[in-house]
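What follows is one structure encoded as structure tokens, with my remarks underneath.
Numbering (this note's numbering), first residue to last: 6 to 473.
Spelled out as structure tokens, the structure:
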């Protein structure tokens, strides 16, 4: 039996008192600010999943990673990687222990909500040329009007060659936009539901207004636009049918607030977890267990497709490593552990009614854990067991890493999911973790630098530790 505590002692020892990450260490703000500079550069260079994959591959090659060869055996400490269809990246550091003793996986996604061009996007209306778009992921459509937009992607041409496009990011580039109705004529639009303030069919990107100098051409503005595209990229209108072109905000990531404690930009969901996961993997040296960092695609639309986590590409990689070493991949999966790294909603005082304050996750309080996600009665959730939550959080406590735990928001108001259940389907224990985000899924999201840094520290400890 423990000694009877005074009320003051009991309050100090028994009550949970949430604290902010900067309170954990006097130097954490400076460390977080320095780490955020690299992250902002990554965010600016990786506006699409293809660009994120390309930037990540460059970082891996510079760090000494070699391309994975399926039938080759690897020694402890070796670093390998592969890129899945230009849109997802898998990197690993071979551990001291056998694969059968398990992998340590950190999985984040590098796709973000955006606008995609339709297969036949180009049209002319009343002396303007436009692109028709199809939104990707859970956007709030009204947020995408009247802002500078950039166009990124790749065309595959009739001769089989490809050409990349990026217009709107350089200061000397033109930008594009979706127009909205002026308030003077907005009476009817004002009566629409917020979700229909701008409708999907109204998300048309303004791209030109000059016409060719020929009175006999019916679509003279459209043709002028095509002539400019052909001159620069060697493409025709037909080439749009075999292209992947994305429309994203044209601005760069910026510090937010007089104190510069936060970062605002496009694509925090989920590159704010992908970047620290990648950095932790790169910096891992001679780990006990083999580490696997996955930067996956298609999470925003259900993780389907050959680059999404419902595909087998990650698990095939692990199986091939096991087979080349003559080891059992089933045992390897059973003994593995995964952190499903995806963002969550930061508690927002301006929209407090959407949250349950006691179980919210807060910007500045460190990396956030979620025992379960899903919606309504935990539907479609991977509910981590208490032992796993305990193992990971004790590791962080022992290393003075600020963390918090909670839920997305108020019950029955909505919900969300991650890739965790697709990993759990392979028999791998998995826990959701991520950085809280303000204005999530908007064109300008906001995160706290200390939460980003605590995510990095968490992934680093997880990759290097033997007993979590």
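Cβ atoms here follow ideal geometry from the backbone N, Cα and C, with glycine treated the same way.
Collapsed DSSP secondary structure at residue i in the structure displayed
i: residue 267; result: strand
i: residue 386; result: coil
i: residue 293; result: coil
i: residue 361; result: coil
i: residue 254; result: strand
i: residue 409; result: strand
i: residue 303; result: coil
i: residue 372; result: strand
i: residue 216; result: coil
i: residue 45; result: helix
i: residue 417; result: coil
i: residue 246; result: helix
i: residue 366; result: strand
i: residue 33; result: helix
i: residue 137; result: strand
i: residue 12; result: helix
Residue range of the unbroken alpha helix (DSSP H) whose run includes residue i
i: residue 280; result: 273-288
i: residue 396; result: 391-403
i: residue 233; result: 225-238
i: residue 324; result: 318-329
i: residue 429; result: 425-429
Given residue i as reference, the closest of the options once Cα atoms are compared
i: residue 167; options: 109, 230, 146 and 247; result: 247
i: residue 136; options: 17, 202 and 213; result: 213
i: residue 273; options: 159, 407, 249 and 48; result: 48
i: residue 120; options: 339, 446, 373 and 78; result: 446
i: residue 68; options: 433, 454 and 285; result: 285
i: residue 276; options: 14, 94, 19 and 17; result: 94
i: residue 140; options: 432, 207, 269 and 301; result: 207
i: residue 88; options: 100, 71 and 81; result: 71
i: residue 421; options: 454, 409 and 379; result: 379
i: residue 349; options: 339, 370, 311 and 221; result: 370
i: residue 100; options: 390, 290 and 399; result: 290
i: residue 62; options: 85, 460 and 367; result: 85
i: residue 228; options: 191, 239 and 215; result: 215
Continuous beta strand (DSSP E) stretch holding residue i: start and end
i: residue 446; result: Neither: residue 446 is in no beta strand (DSSP E) and is coded neither H nor E.
i: residue 212; result: 209-213
i: residue 464; result: Unbroken run through residue 464 is the alpha helix (DSSP H), 454-469; no beta strand (DSSP E).
i: residue 261; result: 259-261
i: residue 436; result: 435-439
Integer Cβ distance of residue i from residue j, believed to fall under 8 Å
i: residue 127; j: residue 253; result: So it is not a contact: roughly 19 Å between Cβ atoms.
i: residue 91; j: residue 301; result: Wrong, their Cβ atoms sit about 13 Å apart, outside the cutoff.
i: residue 133; j: residue 211; result: 6 Å
i: residue 324; j: residue 309; result: 21 Å between Cβ atoms; not a contact.
i: residue 442; j: residue 451; result: 7 Å
i: residue 340; j: residue 106; result: 5 Å
Any non-hydrogen atom of the ligand ATP closer than 7 Å to residue i Cβ
i: residue 254; result: Absence of the ligand ATP is noted for the structure shown, with no ligands found whatsoever.
Unbroken stretches of the beta strand (DSSP E), 3 residues or longer, contained in the stretch 50-128: 84-89, 93-98 and 108-114
Residue ranges of each beta strand (DSSP E) within the stretch 140-206, 3 or longer: 154-161 and 167-172
Contained beta strand (DSSP E) runs [length at least 3] in the stretch 331-356, N- to C-terminal order: 342-346
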